[in-house]
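Quick note on the numbering used here: the sequence shown kicks off at 208 and runs consecutively. Idealized CB from N, CA, C, for every residue including glycine. Working notes for the structure below.
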Amino acid sequence: MAVSGTVTFATIAVFALIGIVNGIGAVRIGLSTFGLKRIAQFVLFGIAAVLSMAVTAVFPILGVLMAPAAVATALFLAAGGPRGQLPQQPLRTVSRIGLSAMFSLLAICAVAFATLHILVWNPLAKMPGMSLSEIYAAMYEAEQPTGVAVVAVWAGLFIAAAIAFPICCSLRRFAGPRSTRRIIVTGAMLITAVGVTQWFAGFTIGMSLADTFFVSGGDSAASGVALSVITTLAAVFAVFASFVPTPWRDAEQRYEQLHAEQPVL
208 MAVSGTVTFA
218 TIAVFALIGI
228 VNGIGAVRIG
238 LSTFGLKRIA
248 QFVLFGIAAV
258 LSMAVTAVFP
268 ILGVLMAPAA
278 VATALFLAAG
288 GPRGQLPQQP
298 LRTVSRIGLS
308 AMFSLLAICA
318 VAFATLHILV
328 WNPLAKMPGM
338 SLSEIYAAMY
348 EAEQPTGVAV
358 VAVWAGLFIA
368 AAIAFPICCS
378 LRRFAGPRST
388 RRIIVTGAML
398 ITAVGVTQWF
408 AGFTIGMSLA
418 DTFFVSGGDS
428 AASGVALSVI
438 TTLAAVFAVF
448 ASFVPTPWRD
458 AEQRYEQLHA
468 EQPVL
């Protein structure tokens, strides 16, 4: 046992040393290519990734949230592209607000749809022949939480995020190249996040229905399938929007004009 532990420790130490040497080399190359600010961002992302994996190892349930967040971050960075690339003409403020507002409206509609699914359609599908008021009255008599407050908080957070999205896109920081693609990807991932996290909002009432009526705590209504389809389509759309090439057009001239007016990131 002692020999096995020593070999394992030595193997880990060797790979750690190799990783440190390669990491130092990568940092040196990155500094000469991208500069200190860019490398600092990569290092912070790396530290965040390591900490996320460590936390997920201790609390596996958090991986359900961290995995979509990691995918969203990767897609957003891919949509931004390396500094200096000019694949398309930057959008003006009005266009950025209009495009982001469209995705905000779709996200709010998705929140409303998910809320109705959790609180109305799914309970009715689980207990055919009973009215909604009878279902909630039975849960109240069984001293089971309805989960309405949880759904309200969840919906409020996403509605606030949807409202903040066009406001953030009105900032000049989003006027640089690929702003169109970044807005589209972020908006699609916002809609995806609604579908991915809605089961957290519906967990309380799902368990209450299961304990009160001895039924499954999962989805029973067709609206759950529809919500999954919407979520999947939004996620696929975000992936394609991140990587599909776009024409250059007169982006370089427009980009130089924008920088002459006021430098942007």
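As assigned by DSSP and simplified to three states, the class of residue i
i	result
Ala428	coil
Ser302	helix
Leu397	helix
Gly402	helix
Val422	coil
Met337	coil
Ser377	coil
Gly354	coil
Near the ligand ZN: residue i beta-carbon under 7 Å from a heavy atom
i	result
Phe407	Ligands are entirely absent from the displayed structure, and the ligand ZN is therefore not among its contents.
Pairwise C-alpha distance: residue j and residue i
i	j	result
Leu397	Ala220	42 Å
Ala255	Ile236	22 Å
Gln248	Thr399	26 Å
Ala368	Val355	20 Å
Thr322	Ile315	10 Å
Phe222	Leu243	26 Å
Ala429	Ile366	24 Å
Ser427	Gly336	14 Å
Trp361	Ala408	6 Å
Leu224	Ser239	23 Å
Val228	Ala217	17 Å
Gly425	Leu364	23 Å
Ser423	Ile325	14 Å
Phe444	Val392	8 Å
Val301	Phe372	14 Å
Arg303	Glu348	51 Å
Gly232	Val403	39 Å
Ile390	Ile370	14 Å
Phe421	Val234	58 Å
Leu331	Ile246	54 Å
Phe310	Ile342	35 Å
Gly413	Val357	12 Å
Ser386	Cys376	9 Å
Outcome for residue i when other beta-carbon atoms lying within 10 angstroms are tallied against a minimum of 16
i	result
Val432	exposed
Thr215	exposed
Leu378	exposed
Val318	buried
Asn329	buried
Gly394	buried
Ser307	buried
Thr213	exposed
Ala344	exposed
Ala441	buried
Ser338	exposed
Asp457	The predicted position of Asp457 is uncertain, since its pLDDT is 47 and thus under 50; a value taken from the coordinates is nonetheless stated next. Exposed is the call here.
Limits of the alpha helix (DSSP H) - the one that residue i falls within
i	result
Glu350	Unbroken run through Glu350: none, as it is neither H nor E.
Pro330	Asn329 to Lys333
ask   = Is the stretch 435–453 close to the stretch 340–358, with three or more CB pairs under 8 Å?
value = no
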